[in-house]
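Chains as they are written, first to last, in the working numbering: chain A, 1 to 351; chain B, 1 to 308. We treat Cβ as the ideally placed atom computed from N, Cα and C, and that holds for glycine.
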Amino acid sequence: MKIFFNLFIAHLKDMFRDKTVAFWFFLFPLLFVFLYGIIFSNVGSNNNFKVAIYAPPQSSAAQVFEHIPVFTITHTDRETALESVKANKNEAAVIVEKAENGSEKVTVYYITNQDSSGAIVAGLIKQVLTEAEMQYSGVKRHYEVVEKIANDDSLRMIDYIIPGILAMAIMQLGLFGSMQFVTYREKKITKRLALAPISKASFLGSEISLRMLMSLLQGLIILTVGHFVFKVPINGSLLGLTGIILLGAATFISLGYLVCSFAHTAEAAQGLVQAVQFPMMFLSGVFFPTKLLPTFIQPIVKIMPLTYFGDGLRQIVLGGVGDFSMATNMTILSGWLVITFILTVKFFRWE
Amino acid sequence: MGVDILQSISVRDLRYSYNGLYAVDGINFNVSQGEIFGLLGPNGAGKTTTTEILVGLKKGGEGEVRVLDLDPRVDAKDLKSRIGAQLQTPALFDKLTVYELISLFASFYPHPLPIHEVIEMVGLTDKKKSLAKKLSGGQLQRLSVGLALISNGEIIFLDEPTTGLDPQSRRNLWDVIEKIKSEGRTIFLTTHYMDEAEKLCDRVAIIDKGKIIAIGTPRELIQIHFEEQALEFNIRANQIDTVKNILPPTARLELEDERATVYTKEVPETIKALLSLSDNGFELAQFTVRSATLEDVFLKLTGRRIRE
């Protein structure tokens, strides 16, 4: 036990004194979190529109607009209003003109791009003015429309992505982490240790425990940042989270040792690991739902362990429903663990 | 075992093959307690294979091997806690310091030496906080010897401890090895440096192509194989026949590049003959007279120089 602990500490120091390790296993996934967080945290919940208004004094329409809470209004002249929309500084320009019969003509200018804010502003204005018109003329109402969101746990893109990034980080830790062993083997450190009266189990055990612990640390860091910075809800229990993180970490560590059993040098291992991790990173629903992928890719999606780890992790973190049942996720993930473990034992080379 | 003095190592008819080729082909030797025993031979002679069997890294092979009265192929685990060993390539956890590595290895053994004592002994006191990857080749080799020493093992195995080192580092390491010897520890050493074997070892076995071709103290080996002394001087190709003609019949001439070595029992006669040549303009540049060395023994026994 003392030997195990000392080897654990030795691995820990050997790993963390290499600054690139901290980068790849902790900062790199965090970078993804921030990148996606900044891009996506507002999508689906954008509730502020900048509107430039040019209206004559005493325009009743302009007064109505003041009461729309999601509008941030600047009053300006006609030309500046139009220019500001073209320059994408405002979502819409509203020009109000008095007609000869005393009514007001409201023109909404907006540009079309991926973001439909301009159209939303135009729709809002139409709706608000129609409402005002009805109140003004005292028309009896025949219809009432009430809007309600059906899924009260509505997911933002960032909520979807953060558990995916955690799954990816744990996969990379398992796969790339195993390359350390190839280096130890290539540099005959394993052989040197075999001269000492220590068991191979305590050496490998200390290495694996370190990775498992690092995966929990990744979970802690990524979910903490996700929760406190990007308001990702964390509904899962601590036990459930720890459980699935450890199962996923064990599966990818095992897969990592298997892949590395076929590599003689650290460079060869790097290539093999890349070949395994790259398709998983993009085809397992880490960054976007797998439903968006074409049908012919679906069979590949359905055999990759990251698909089930990501889905399971997402379900536990967010507490919602996923693409697969939790039982399916756990069964397939455990299956991968058992099969890669058996194959690793068969192909593993100490020297 | 039928031996009078206590044997630390005894090897009988050991054979070991890789794909049918015998790397070790029927070797016999004993190492007594407290002696430095050297296995001397060129690269590929079977030194490392032999060492790896003795320390319990390699299983199999034929013949009888006893180390501290254990069979390393059966009782490897017990044996490993009673010996200290060092490998040819001194690779370690790169990013651990000298102190951390030695104390890590200390924790592997039941009765390790004090950590500071070992660091002091291998002369790394001022480097104890340096990362392993920052050490020079010589320092790394001394660290590697330190990791073998920390075990407080009854036998210390050193596999080519000075290979690839500059002369200064080699001499530093020799001092370390002599210090270990002065403590009465048994040392099993392999080397392909003749001077190293001659300087450090109580007894030497010369191994070539998996077979031991001579065994004894360095002095014995030289005396048995050489009653002659060696005269060396520079020579040009067109002078070789002239020199051959004037040498006494018992003298032998060996040539390597532009250097001639004459082995002879009749030193005064040979020198006289050579000097007679110098009257005719033959230079005898860098003329030296020396006793034979293990290098000469190896050359005589195998027809080759050891470093080829």
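- Sequence-distant Cβ neighbours of A/Val273 in its own chain, meaning closer than 8 Å and more than five residues away, are Leu175, Phe176, Ser178, Met179, Gly256, Val259 and Cys260.
- Two segments are said to touch when three or more pairs of C-beta atoms, one from each, lie closer than 8 Å; by this definition the stretch 197-215 of chain A does not touch the stretch 319-326 of chain A.
- Separation of A/Leu166 and B/Gln141 (C-alpha to C-alpha, rounded to the nearest whole angstrom) is 43 Å.
- Between the stretch 235-244 of chain B and the stretch 289-298 of chain B, the count of C-beta pairs closer than 8 Å stays below three; the two stretches do not touch.
- Per the C-alpha coordinates, the member of B/Arg170, B/Gly153 and B/Lys134 positioned closest to B/Asp78 is B/Gly153.
- Under the three-state reduction of DSSP output, B/Ile102 falls in the helix class.
- Contact with chain A is absent for B/Ala23, since none of that chain's Cβ atoms lies less than 8 Å from the residue's Cβ.
- Around the beta carbon of A/Met214, a 10 Å sphere encloses 16 or more other beta carbons of the protein chains shown; the residue is thus reported as buried.
- For B/Tyr109, the chain A residues whose C-beta falls within less than 9 Å of its own C-beta are Ala196 and Pro197, listed in chain order.
- In terms of beta-carbon proximity, A/Arg185 stays away from the interface with chain B, with every pair separated by 8 Å or more.
- When secondary structure is reduced to three states using DSSP, B/Tyr263 falls in the strand class.
- DSSP, read as helix, strand or coil, puts A/Tyr36 in helix.
- Short of 6 Å from the beta carbon of B/Lys80, and not among the five residues preceding or following it, lie these beta carbons of its own chain, in chain order: Gly56.
- By the CB criterion at 8 Å, B/Ser151 and B/Thr97 fall outside the cutoff.
- Between B/Ala273 and B/Tyr263 the beta-carbon gap is near 14 Å, outside 8 Å, which marks them as no contact.
- Cβ-Cβ separation between B/Ser169 and B/Gly138: approximately 3 Å, consistent with a contact (criterion under 8 Å).
- The beta-carbon distance between A/Thr265 and A/Thr290, rounded to whole angstroms, is 35 Å. This is too long to meet the 8 Å contact definition.
- When the five nearest sequence neighbours on each side are left out, the beta carbons in the same chain lying within less than 7 Å of the beta carbon of A/Gln218 are those of Phe25, Phe26, Pro29, Leu166, Ala169, Ile170 and Leu173, in order along the chain.
- In this structure, DSSP gives B/Asn234 an extended state, which the three-state scheme calls strand.
- In the displayed model, B/Gln239 falls within a helix according to three-state DSSP.
- Beta-bridge annotation (DSSP): A/His75 is paired with A/Ile53.
- The alpha carbon of B/Lys244 has as its nearest neighbour, out of B/Thr186, B/Ser17, B/Asp257 and B/Thr261, the alpha carbon of B/Thr261.
- Contacts with chain B (Cβ-Cβ distance below 7 Å) from the stretch 7-36 of chain A involve Ala10, Lys13, Asp14, Arg17 and Asp18, listed in chain order.
- For B/Thr186, the enclosing beta strand (DSSP E) has its first and last residue at Thr186 to Thr191.
- Secondary structure remark: continuous beta strand (DSSP E) runs of at least 3 residues inside the stretch 68-125 of chain A, in chain order: 71-75, 92-98 and 104-109.
- When secondary structure is reduced to three states using DSSP, B/Glu196 falls in the helix class.
- Assignment of B/Lys133 by DSSP, reduced to helix, strand and coil, places it in the helix class.
- In the structure shown, the three-state DSSP call for A/Glu207 is helix.
- Sequence-distant Cβ neighbours of A/Ile332 in its own chain, meaning closer than 6 Å and more than five residues away, are Tyr308.
- Beta-bridge analysis with DSSP links B/Val67 to B/Ile9 and B/Leu70.
- In the DSSP assignment, the residues bridged to B/Ser17 are B/Tyr22.
- The beta-carbon of B/Asp75 is placed no less than 8 Å from the nearest beta-carbon of chain A.
- Distance from the Cα of B/Pro72 is smallest, within the candidate group B/His111, B/Ala45, B/Ile27 and B/Ser10, for B/Ser10.
- Around A/Leu12, the same chain offers Leu210 as residues with beta carbons nearer than 8 Å, after the five sequence neighbours per side are excluded.
- The beta carbon of B/Glu228 does not come within 8 Å of any beta carbon belonging to chain A, so the residue lies off that interface.
- With fewer than three CB-CB distances shorter than 8 Å, the stretch 11-20 of chain B does not count as touching the stretch 198-209 of chain B.
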